[in-house]
Amino acid sequence: HVQLVESGGGLVHAGGSLRLSCVASGISRITFSVSTMCWYRQAPGKQRELVASISRRLSTNDADFVKCRITITRDNAKNTVVLQMNSLKPEDTADYYCNALEGLFSWGQGTQVTVSS
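Below, the structure written as structure tokens:
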């Protein structure tokens, strides 16, 4: 089955940057390349929400709360999707997960992002 492993989280001060990576295994490069891949986040006590997505044609969409502060990219040769986050705010504190659109694959363990004020 598909395994998603997220990394790159950590503790940063407000205004800082982080680069999150997600590697998908147990999936062919073809299947990965045609999947719209997304980053989600879940803050304590809140529901998981969509942060950004990137389609098979590299079309991207960002949630309003991260608009102009993030860049999502993918490397289909490596089954990898990356989320570059800049100008981080305390309200960005959450566990970040990658997955296909609508959470098609099994969820990974996520990577924790903590932004201090």
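Its first residue numbered 98, the sequence shown is counted upward by one per residue in our numbering. Every residue gets a Cβ at the ideal spot worked out from N, C-alpha and C, and that includes glycine.
{"Asked": "Considering Cα atoms alone, identify which of G105, H110, V99, G123 is closest to V212.", "Found": "H110"}
{"Asked": "Cβ of V148 within 7 Å of Cβ of V131?", "Found": "no"}
{"Asked": "Just verifying my parser: in three-state terms, what is the DSSP assignment at N158?", "Found": "strand"}
{"Asked": "Hey, quick one: how far does the alpha helix (DSSP H) through V163 stretch, first residue to last?", "Found": "Per DSSP, V163 belongs to no alpha helix (DSSP H) and is neither H nor E."}
{"Asked": "Using the Cα positions of T177 and P187, report the straight-line distance between them to the nearest angstrom.", "Found": "27 Å"}
{"Asked": "CB-CB under 6 Å to S150, same chain, minus the five flanking residues each way: which ones, in chain order?", "Found": "T133, C135, N158"}
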